[in-house]
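Undergrad: Below is one structure. I have some questions about it.
In my numbering, the protein residues as written are 25 to 170.
Okay, structure coming up:
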């Protein structure tokens, strides 16, 4: 979901420019408090947050908000259903080929414990990568503003 093609904004900014929560709310006809609520309900919606909690939405965030709005308000999904529908569309997510196993052997408790440890470590790394990405995007936005 790239978002580069969205042209709901008539402010003369580049389509890929960072936008405030107010700009996104006006452009898409969604109230700011609804956008903040959606940030809590949709983990893949992660706009940049600057000092003082000010939010900046990237083009892909705007596209995701537009998709969430379509699912909830035009197609009648529940929040949970929309979250599930978007599950594979998380930012940067790529489909992964999973081999078919007709009759998997049951996992031992040691294997399950190791898998849980690996999963926990991956979640920590993912969080760190998101923080680095957001920091770099913020630095880029500041550099472009100069």
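Where a beta carbon is used, it is the ideal one built from N, C-alpha and C, also for glycine.
Under three-state DSSP, which class holds residue 69?
TA: Three-state DSSP puts residue 69 in coil, outside helix and strand.
Undergrad: What do you reckon, are the CB atoms on residue 79 and residue 54 nearer than 8 Å?
TA: Not a contact, by the Cβ cut-off of 8 Å.
Undergrad: Which residue or residues does DSSP assign as beta-bridge partners of residue 61?
TA: Bridge partners of residue 61: none, in fact.
Undergrad: Quick one: what does DSSP say residue 78 is sitting in, helix, strand or coil?
TA: Of the three classes helix, strand and coil, the one that applies to residue 78 here is coil, per DSSP.
Undergrad: Could you say which of 89, 76, 140 lies nearest to residue 69 if we only look at CA atoms?
TA: Nearest C-alpha to residue 69: 89.
Undergrad: Count the other CB atoms within 10 Å of the CB of residue 86; is the residue buried (16 or more) or exposed (fewer)?
TA: Its Cβ being crowded by 16 or more others within 10 Å, residue 86 is buried.
Undergrad: Count the other CB atoms, across all protein chains shown, that sit within 10 Å of the CB of residue 81; report buried if there are 16 or more and exposed otherwise.
TA: Label assigned to residue 81: buried.
Undergrad: Less than 8 Å separating the beta-carbons of residue 66 and residue 47?
TA: No.
Undergrad: What is the rounded straight-line gap between the Cα of residue 60 and the Cα of residue 73?
TA: Distance between the alpha carbons of residue 60 and residue 73 is about 12 Å.
Undergrad: Figure out for me which residue from 57, 58, 71 has the closest Cα to the Cα of residue 165.
TA: Out of 57, 58, 71, 71 has the C-alpha closest to the C-alpha of residue 165.
Undergrad: Could you check if residue 83 is buried or exposed, using at least 16 other CB atoms within 10 Å of its CB as the buried criterion?
TA: It is buried - the Cβ of residue 83 has at least 16 other Cβ atoms within 10 Å.
Undergrad: With residue 91 and residue 110 assumed to form a contact (beta carbons below 8 Å), what rounded beta-carbon distance in angstroms separates them?
TA: Indeed, because the Cβ distance is near 7 Å, the residues count as touching under 8 Å.
Undergrad: Per DSSP, what kind of secondary structure is residue 157 in: helix, strand or coil?
TA: Three-state result, residue 157: helix.
Undergrad: Across which residues does DSSP place residue 44 in a beta bridge pair?
TA: Beta-bridge pairing links residue 44 to 80.
Undergrad: Here's the rule: buried if 16 or more other CB atoms are within 10 angstroms of the residue's CB, otherwise exposed. What is residue 51?
TA: That one is buried.
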